[in-house]
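> Starting off with a structure, shown below.
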Amino acid sequence: MDTLVTGGTLLTMRGDRLGVVDDGAVGIEDGRIGYVGPAAEAPAPSDADEVVDASGAVVMPGLVNAHTHTAHTLLRGGAQDVPEIEWMNRALGPLSAHTDEADRVAGARLGVLEAVRGGATTIAEYASEVGTLVEEVYRPLGVAVVAVETINEVPDERDDLGPRELYPFEREQGDRALARADRLFERFGDDPLVTPAYGPQALDMVSPDLLQTVQSHAHERGAKLHVHTAQGEREAIQIEERYGDDASTVSVLDELGIVDDSLVAVHCHGATPAERRRLAEGGAAMLGCPSSIAAIDGIVPPVAEFREYGAPVGIGTDQAPGPGHHSTLREARTAATLSKVEQADPTALTAPEALRIATVGGAEALGIADEVGTLAAGTRADLIVVDTDRLSTAPAVESPLHTAVPNLVYSTTGREVRDVFVAGEALLRDGAFVDADPAAAVDEATERAAALYERASDDWRGADSALVDAVDDGWL
Ligand SMILES: [Zn+2]
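0 is the number of the first residue of the sequence shown in numbering that gives the first Met the number 0; add one for each residue after it.
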């Protein structure tokens, strides 16, 4: 046996509860879980090359950050507190248009390290040229990635378009993106840590014909189709203008035959309850990004509602300009607290449910639950050790209830994550990265961000978002 993690409280996530094992142990061999159960019945520590003492800690599956655009992390702090209608085209757009590939890589490295420091072992990365991020960031760091290639037909320059003017579509641009998505399967198909997927960005950004073509490619490869679905007023206006006043994103997706078990519907806050139910009953999974949608739209995404419909549900941190962070435990807390506010019900989305969403729920939604999201013998050894004896998480008692469970969701800052293993390899030990250099990532990101903002300054000012006024009024 390579590693024995012993003495902690296991949350295995097996079955439909948390699968708690007090004083448990996990044995790792050749990157896979060989033993999971009571420490008293585990192989002897003397049989392990390395023993990790997890007493005073919880041992659980690595967190699944199920929807991110970490390449935007360089723009953290650059597009918050603006009206939703301005966010993409007048606040983020004028900045992101000036990023180059090295900026996006540097941003992604910062975001991925932040996510891993907070306990994520699998990250779903949604980006144009996502293969570059896989090569430059994920593989060198040894982090598992669901690599979603963005596919859209809308040229980048659109900050001069009014909200009721239809985005122009350029089919060749969409076809090139589809070809890049197809190539991911050849490039990374034999890498167990990389799961390629298709990302038709949103119904207002792809034509029906391309969307159906992408779906057929996904079906051929047994892959998922990640679509930002009903993500707000800007999209709703485009759908009305293009498909008629009675049309909505979900109604058009349904007519086109896109609603099935390959669809991973992201956000969904602009859909009606009946449409959400239709998505769930049609087999779609749902990914919610509560702190992003709260920050950008002032809305609570229907994470709790989709759970009630029985759909696989995961959570993600989306992009840093918006929620501001890539911590999956913070996202679990936000999901739980906002759901309570939305439903005016403190029992909405409980801590155990939030922990399941952040692990096995995300894995199910992404289609990787046979390997990820639970602690089970024979699956990949992606797991984390989280201290429950810190100022923020103590006291943890096991009787009459496990206080560690709510404390993990409501009380952690993310820094309590002590050890992170992906495929049995330690990425983080005792709170420190084993190989990666976070200080260098911060320095590079800061240097690049300063140059980027300088390059983009005139365009940013010319786009005249609410942030320009905030600067002129002395707030920022
Ligand atoms: Zn997104």
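All C-beta atoms in this analysis are idealised placements derived from N, C-alpha and C, irrespective of residue type, glycine included.
Going by the CB atoms, is the gap between D253 and C288 shorter than 9 Å?
no
> Residues bridged to Y34 by DSSP?
G26
> Could you pull the start and end residues of the alpha helix (DSSP H) that G106 belongs to?
100-116
> Report yes if the CB atom of D381 is closer than 9 Å to the CB atom of T120, and no otherwise.
Yes, the pair counts as a contact, with Cβ atoms nearer than the cut-off.
> How far does the alpha helix (DSSP H) with H266 in it extend, from its first residue to its last?
Not the alpha helix (DSSP H): H266 falls in the beta strand (DSSP E), residues 262-266.
> Check whether the Cβ of Y125 sits closer than 8 Å to any heavy atom of ligand 1, and report yes or no.
yes
> Given the structure, does D317 come close to ligand 1, in the sense that its CB is under 8 Å from one of the ligand's heavy atoms?
yes
> Taking the Cβ atom as the reference point for each residue, do G256 and V205 lie within a distance shorter than 9 Å?
No. Outside cutoff.
> Could you tell me if T11 is buried or exposed, where buried requires 16 or more neighbouring beta carbons within 10 angstroms of its beta carbon?
Burial check for T11: the Cβ neighbour count within 10 Å reaches 16 or more, so the residue is buried.
> Would K223 count as contacting chain D if we go by Cβ distances under 9 Å?
Of the protein chains in the structure, only one exists, and it is not chain D.
> For G283, which residues from the same chain have a beta carbon less than 8 Å from its beta carbon, with the 5 sequence-adjacent residues on both sides left out?
Note that residue 283 is Ala in the sequence shown here, rather than Gly. Hits under 8 Å: V258, D259, D260, L262, V263, A264, A310.
> Less than 9 Å between the C-beta atoms of E124 and V153, yes or no?
no
> Could you compute how far the alpha carbon of D46 sits from the alpha carbon of E28?
If you take the alpha carbons of D46 and E28, they lie about 11 Å apart.
> Note down, one range per segment and in chain order, each alpha helix (DSSP H) of at least 4 residues found wholly within the segment 128-188.
129-132, 170-187
> Using the Cα positions of I32 and G423, report the straight-line distance between them to the nearest angstrom.
8 Å
> State the Cα-Cα distance for the pair E134 and E83, rounded to the nearest angstrom.
33 Å
> Fully enclosed by the segment 225-305, which beta strand (DSSP E) runs are 3 residues long or longer?
262-266, 284-287
> Between E232, L9, P322, which has its C-alpha nearest P499's C-alpha?
Not covered by the structure: residue 499. The range shown for the chain is 0 to 475.
> Taking 8 Å as the cut-off, is the CB of C288 close to at least one heavy atom of ligand 1?
yes
> Taking 8 Å as the cut-off, is the C-beta of H227 nearer than that to any heavy atom in ligand 1?
yes
> Do you know how far the Cα of H268 is from the Cα of R13?
30 Å
> Please tell me whether, using a cut-off of 8 Å, the distance from the CB of H68 to the nearest non-hydrogen atom of ligand 1 is below it.
Checking the Cβ of H68 against ligand 1 gives yes.
> Give the straight-line distance between the Cα atoms of A457 and I298, rounded to the nearest whole angstrom.
Note that residue 457 is Asp in the sequence shown here, rather than Ala. Each residue's Cα considered, the two are about 31 Å apart.
> What residues in its chain sit with their C-beta under 8 Å from that of L112, if we drop five residues either side in the sequence?
L140, F432, A435, P437, A440
> What I want to know is whether the C-beta of V115 ends up closer than 8 Å to one or more non-hydrogen atoms of ligand 1.
no
> Less than 8 Å separating the Cβ of V265 from some heavy atom of ligand 1?
V265 Cβ: within cutoff of ligand 1.
> Please give me, in chain order, every unbroken run of the beta strand (DSSP E) with length at least 3 that falls completely inside the segment 314-393.
382-386
> What number of angstroms, rounded off, separates the C-alpha of V396 from the C-alpha of L17?
16 Å
> If you check the beta carbons only, do I367 and R417 fall under 9 Å apart?
no
> Excluding five sequence neighbours on each side, which residues of the same chain lie with their C-beta closer than 7 Å to the C-beta of R220?
F184
> Might you give, ordered along the chain, the residues of its own chain that have their beta carbon closer than 6 Å to the beta carbon of L74, omitting 5 neighbours on each side?
Excluding residues within five positions, the ones whose Cβ falls inside 6 Å are L94, P320.
> Can you list the beta strand (DSSP E) stretches of 3 or more residues lying completely in the segment 196-228, in chain order?
224-228
> Buried or exposed: which applies to A334, given that a residue is buried once 16 or more other Cβ atoms fall within 10 Å of its Cβ?
buried
> Mapping DSSP to helix, strand and coil, what is Y308?
coil
> Quick one: Cα of D472 to Cα of E85, how far?
Pairing D472 with E85, the inter-Cα distance amounts to about 19 Å.
> Where does G118 land, buried or exposed, given buried means 16+ other C-beta within 10 angstroms?
Answer is buried; the Cβ neighbour count reaches 16.
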